[in-house]
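Listed in order, the protein sequences are those of chains X and G. Position 240, counted from 1, in the first sequence is what my numbering calls 240; the numbers after and before it change by one each time, with no gaps. Position 193, counted from 1, in the second sequence is what my numbering calls 193; the numbers after and before it change by one each time, with no gaps. Encoded as structure tokens, the structure appears first; notes follow it.
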Amino acid sequence: MLLTLVRASLQRHRLRTALAVIGVGVSAALLLDMVMLASGMRESFRSLLEARGFEIRLTPKGTLPFDTDASIDSAGALMAQLRADSDIVAMSPVLGGQVHVRAAAGSATAVAIGIDPAVQGDYEVRTGRDIAAPDQLVASAEFLRATGARLGDTLRVEGGYDAQMRTVTAERRLVLVGTAHFLYMPANPRAVAMPLATLRALTGARGDPVSLIMLRLRKGAIADSVQAWIAARVPPVTPISTAAALRQVDQRLSYFRQLAFILGSVSLAVGLLLVTTLVTVSVNERLGEIAVMRAIGVATGSIVAQVLAEGVVIMSAGSLLGLGLGLATAHYLNGILSSFPGLPAAIDFFLFQPRDAWVSLGLLAGCGVLAGAYPAWRGASMPIAVTLREEAVA
Amino acid sequence: MSDSAPVLSARDLRRDYPMGESPVHALRGVSLEVAAGDYVAIVGPSGCGKSTLLNLLGAIDRPTGGTVAIRGEPVERLSDRERTRFRLLHIGFVFQRFYLMPALTAGENVELPLAEAGMSRAERKARARELLTYVGLGARVTHRPTQLSGGEQQRVAIARALANRPALLLCDEPTGELDAHTGAEMIALFERLNADGTTLVVVTHDEDLAAAAKRVVHMRDGGVVSDTRVR
Ligand SMILES: Nc1ncnc2c1ncn2[C@@H]1O[C@H](COP(=O)(O)OP(=O)(O)O)[C@@H](O)[C@H]1O
Ligand SMILES: [Mg+2]
């Protein structure tokens, strides 16, 4: 009976109901996007950093990973020193550079990283095999497109190319054994990875430099204390734990989050006002009906429930619409923002986390009920006789 | 039907409407007893306090002074919630305006108080149909109020008022918005209701309706001036 009344009342004003649902949908979408935006970048950054289980990154003193061309010299000695800490179970050195590659069908300049294939945490092999010998490399799909190279091809790889002198420092023949997805690179990078020693040889490096060392810790080790130990004992590097990096990200994103918070609150308030208005109008135009229902013995609770249910139906429909709308908008905006130069493609500005989404939609629904409660209760507790008299006169 | 205890017993009812400096004394001490099976018409000039009295008798308003007991139950002792329940189960209301729920069909309008009283869906569907048949609208169960004439809407309202077999049916100008012919049909329906055992209290200034009652109470200026048994 209650549901019949609710349905009937919503159907009586189809257009109004539809408009209200759309209104709530838009404000729910905005709220959802703001919640997604507030946590999205940080969360995707975190999952990116934690993707391969390295908790600490060592960079040349005073720099961020790949922030500059600076490198850590004599990495071998440094790593020997680090082995003294039993909390460190694996070390993944990474060297960044640039190479020029000639394939049968074409040639291209590519970003190159030199790694230790056994412990690398920079890419995931998608097809073919991983590097198993000094004369092998893996490359991004985009690299294969640009050069026309295929798995199994032997490529001429040149390092230290000087455009003016048309000279190169060194040249190697390397076999393309696999395609890889590079975790920390912008979308569609033209990139290759090869053994560290091979890249050093190609770029003519003196000594054993690396750009970055990633450390994996023993289970149960405290990253902050390992970080402190390194900072004190190994002066040439700056250790950054994932937690510390996230703190930095948090700081840089704080304005962003405040903005998202404010806009989210505004959209919540808009949803709240919308439902309040709707419920108030709905109650006002049915004062007579409500008074009659109470006169014939329908309990105040039933009437309040009926009015609230109307609000909840609109809120739920609107929230569902908002969910779709919000996700679509977020997807679209993510597409635009992730082509931002210099950002790893894996960074999402809007990250859909079911828990957050349900929290925000629940918040909206709760606000809807709250907004409806007062007018509904007020409508249901007016003096019956007076209301009937006024309605009869009107 | 036992005539020993009155269904309705009102003592010295007073109702003031506070209007600033000069409050309106709408009722100035009205006492009334109605026995089971009676058919009482309350008549009098407009503004003499008929509706005010009926609202007090039906426990949708509280008196400034005096008491109302229905089936021996003093209603002023009940909380708002209990009163609502009491009205649902013991009192039927018919208003001048038909006041049906426009969104519900005739059948659903009649089902409303049954549902509220907790009757199962199948039972109340059957009962609603039975009641609508009783008032001559058995074929209009699925019609909405807008698809019914004024007289038909008032019949639906009567069926709804009878839904929970009330001790008392209170009607405020039930023919007020009906033409003479439809009014006459309504009068016939009330007579049939009363003959079938319904206790009726009808406020009206329709002389034909008053003439059909067993007892006529005349009011003027917030008080009862005469109380005559005609049958
Ligand atoms: N809510 C109210 N506020 C102020 N005065 C009222 C109210 N209700 C009724 N009255 C006054 O009480 C008197 C009796 O009204 P009512 O019972 O409606 O008379 P009747 O039904 O006999 O026409 C009238 O003078 C009316 O103006
Ligand atoms: Mg009146």
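For every residue, glycine included, the Cβ atom is placed at its ideal position computed from N, Cα and C.
Which stretch, first to last residue, makes up the beta strand (DSSP E) that contains C48/G?
-> Along the second sequence, one-based indexing puts residue 48/G at 48. Under the DSSP assignment, C48/G falls outside any beta strand (DSSP E); it carries neither an H nor an E label.
Helix, strand or coil for T238/X per DSSP?
-> The residue labelled residue 238/X in the question sits at position 238 within the first sequence. Residue state, collapsed to three classes: strand.
Identify the continuous alpha helix (DSSP H) that holds I22/X and give its terminal residues.
-> Residue mapping note: residue 22/X aligns to position 22 of the first sequence, counting from 1. Counting along the chain, the alpha helix (DSSP H) containing I22/X begins and ends at 14 to 50.
Chain X contact for R160/G (CB, 8 Å cutoff) = Within the second sequence, the letter at position 160 stands for residue 160/G. Cβ-Cβ to chain X under 8 Å: yes for R160/G.
Which residues, in chain order, does the region 51 to 64 of chain G contribute to contact with chain X at a C-beta distance below 7 Å?
-> Taking 7 Å as the Cβ-Cβ cut-off against chain X, the residues of the region 51 to 64 of chain G that qualify are N55, I60, D61.
Near E111/G, which residues of its chain fall below 6 Å by C-beta distance, leaving aside the five closest residues on each side in sequence?
-> The residue you call residue 111/G lines up with position 111 of the second sequence. So the qualifying residues of the chain are R124, A128.
Start and end of the alpha helix (DSSP H) containing E391/X?
-> Residue mapping note: residue 391/X aligns to position 391 of the first sequence, counting from 1. Where E391/X is concerned, the enclosing alpha helix (DSSP H) stretches over 384 to 393.
Please report the residue range of the beta strand (DSSP E) in which S316/X lies.
-> For this step, residue 316/X is matched to residue 316 along the first sequence. Note, S316/X: premise wrong, no beta strand (DSSP E); alpha helix (DSSP H) at 300 to 337.
Beta-carbon proximity list for S2/G, same chain, < 6 Å, skipping 5 on both sides | Residue numbering aside, residue 2/G sits at position 2 when the second sequence is read from its first letter. For S2/G, the predicted model reports a pLDDT of 46, less than 50, meaning its position is unreliable; a value from the coordinates is still stated below. Here S2/G has no same chain residue with a Cβ atom under 6 Å from its own Cβ, once five neighbours each way along the sequence are excluded.
Does the count of Cβ pairs from the region 4 to 21 of chain G and the region 298 to 309 of chain X closer than 8 Å reach three?
-> Taking a cut-off of 8 Å on C-beta distances, the region 4 to 21 of chain G does not touch the region 298 to 309 of chain X, as fewer than three cross pairs fall below it.
Any non-hydrogen atom of ligand 2 closer than 7 Å to E173/G Cβ = Reading the second sequence from its first residue, position 173 is the one you call residue 173/G. At a threshold of 7 Å, E173/G counts as near ligand 2, since its beta carbon sits closer than that to one of the ligand's heavy atoms.
Applying a beta-carbon distance threshold of less than 8 Å, which residues of chain G neighbour E289/X?
-> Indexing the first sequence from 1 puts residue 289/X at position 289. Those are Y99, M101, P102, listed as they occur along chain G.
Endpoints, beta strand (DSSP E) assigned at H181/X = Translated into positions along the first sequence, residue 181/X becomes position 181. Here the beta strand (DSSP E) through H181/X covers 170 to 182.
Taking buried to mean at least 16 other C-beta atoms within 10 Å of its own C-beta, is A122/G buried or exposed?
-> Along the second sequence, read from residue 1 onward, the residue named residue 122/G stands at position 122. By the 16-neighbour rule on beta-carbons within 10 angstroms, A122/G is exposed.
Cβ contact (3+ pairs, closer than 8 Å) linking the region 29 to 49 of chain X and the region 382 to 389 of chain X = No, because fewer than three Cβ pairs between the region 29 to 49 of chain X and the region 382 to 389 of chain X fall closer than 8 Å, the two stretches do not touch.
Which residues share a DSSP beta bridge with I56/X?
-> Translated into the one-based positions of the first sequence, residue 56/X becomes position 56. In DSSP, I56/X forms a bridge with L215/X, S241/X.
Determine the burial state of N109/G: buried for a count of at least 16 other Cβ atoms within 10 Å of its Cβ, exposed for fewer.
-> Stepping through the second sequence from its first residue, residue 109/G is reached at position 109. The residue in question, N109/G, is buried, as its Cβ has 16 or more Cβ neighbours within 10 Å.
Neighbourhood of P113/G by C-beta distance below 7 Å, restricted to the same chain and skipping five residues each side = Residue numbering aside, residue 113/G sits at position 113 when the second sequence is read from its first letter. The residues are L88, R160, A163, N164.
Compare the C-beta of I314/X with all C-beta atoms of chain G and state if any pair is closer than 8 Å.
-> As a position in the first sequence, residue 314/X is number 314, starting the count at 1. Not an interface residue.
Evaluate contact between the region 114 to 133 of chain X and the region 47 to 58 of chain X, counting only Cβ atoms and requiring at least three cross-stretch pairs below 8 Å.
-> Touching, yes, given that three or more Cβ pairs across the two stretches are closer than 8 Å.
Positions along the region 5 to 37 of chain X whose CB lies within less than 7 Å of some CB in chain G = Along the region 5 to 37 of chain X, going in chain order, the ones with a CB nearer than 7 Å to a CB of chain G are L5, A8, S9, R12.
Any beta-carbon of chain X closer than 8 Å to the one on A10/G?
-> Taking the second sequence and counting its residues from 1, one reaches residue 10/G at position 10. No, A10/G does not count as interfacial toward chain X.
Name all residues in chain order for which at least one heavy atom of ligand 1 lies closer than 5 Å to the residue's CB.
-> The answer, residue by residue, is V386/X, Y17/G, V24/G, A26/G, S46/G, G47/G, C48/G, G49/G, K50/G, S51/G, T52/G.
Using a Cβ cut-off of 8 Å, which residues of the region 275 to 305 of chain X contact any Cβ in chain G, in chain order?
-> Using a CB distance below 8 Å, the part of the region 275 to 305 of chain X facing chain G consists of G288, E289, V292, M293, R294, A295, I296, G297, V298, A299, T300, S302, ordered along the chain.
If we cut at 8 Å on Cβ distances, does A373/X have a partner in chain G?
-> Indexing the first sequence from 1 puts residue 373/X at position 373. Taking a beta-carbon distance threshold of 8 Å, A373/X does not count as an interface residue toward chain G.
So, are the CB atoms of M214/X and S140/X less than 8 Å apart?
-> Locating residue 214/X in the first sequence gives position 214, counting from the first residue. Locating residue 140/X in the first sequence gives position 140, counting from the first residue. No, the Cβ-Cβ distance between M214/X and S140/X is not below 8 Å.
Would you report the Cα separation of V94/X and S211/X, rounded to the nearest angstrom?
-> The residue you call residue 94/X lines up with position 94 of the first sequence. The residue you call residue 211/X lines up with position 211 of the first sequence. Distance between the alpha carbons of V94/X and S211/X: 6 Å.
Secondary structure of D221/G, DSSP reduced to three states = Along the second sequence, read from residue 1 onward, the residue named residue 221/G stands at position 221. Here DSSP, grouped into helix, strand and coil, assigns D221/G to coil.
M382/X CB to nearest chain A CB: under 8 Å?
-> Looking at the structure shown, chain A is missing, and the protein chains on hand are X and G.
H331/X burial status per 10 Å Cβ neighbour count (16 or more: buried) = The sequence position of residue 331/X within the first sequence is 331, counting from 1. Classification of H331/X: exposed, given that the 10 Å Cβ count is below 16.
Can you name the start and end residues of the alpha helix (DSSP H) that T133/G belongs to?
-> Within the second sequence, residue 133/G is the residue found at index 133, counting from 1. It spans 121 to 134 - the alpha helix (DSSP H) in which T133/G sits, taken as one unbroken run.
Delimiting residues of the alpha helix (DSSP H) encompassing R155/G = Translated into positions along the second sequence, residue 155/G becomes position 155. Looking at the DSSP string, the run of the alpha helix (DSSP H) that includes R155/G is 150 to 162.
Are A291/X and V6/X touching if we call contact CB-CB under 8 Å?
-> As a position in the first sequence, residue 291/X is number 291, starting the count at 1. As a position in the first sequence, residue 6/X is number 6, starting the count at 1. No, the Cβ-Cβ distance between A291/X and V6/X is not below 8 Å.
R14/X burial status per 10 Å Cβ neighbour count (16 or more: buried) | Position 14 of the first sequence, counted from the start, is the residue given in the question as residue 14/X. So R14/X counts as exposed.
Check whether the region 39 to 54 of chain G touches the region 72 to 89 of chain G, counting contact only when three or more Cβ pairs, one atom from each stretch, lie closer than 8 Å.
-> In the pairwise beta carbon analysis, the region 39 to 54 of chain G is classified as not touching the region 72 to 89 of chain G: fewer than three pairs are separated by under 8 Å.
Which two residues bound the contiguous alpha helix (DSSP H) that contains L112/G?
-> Position 112 of the second sequence, counted from the first residue, corresponds to residue 112/G. Bounds of the alpha helix (DSSP H) holding L112/G are 106 to 116.
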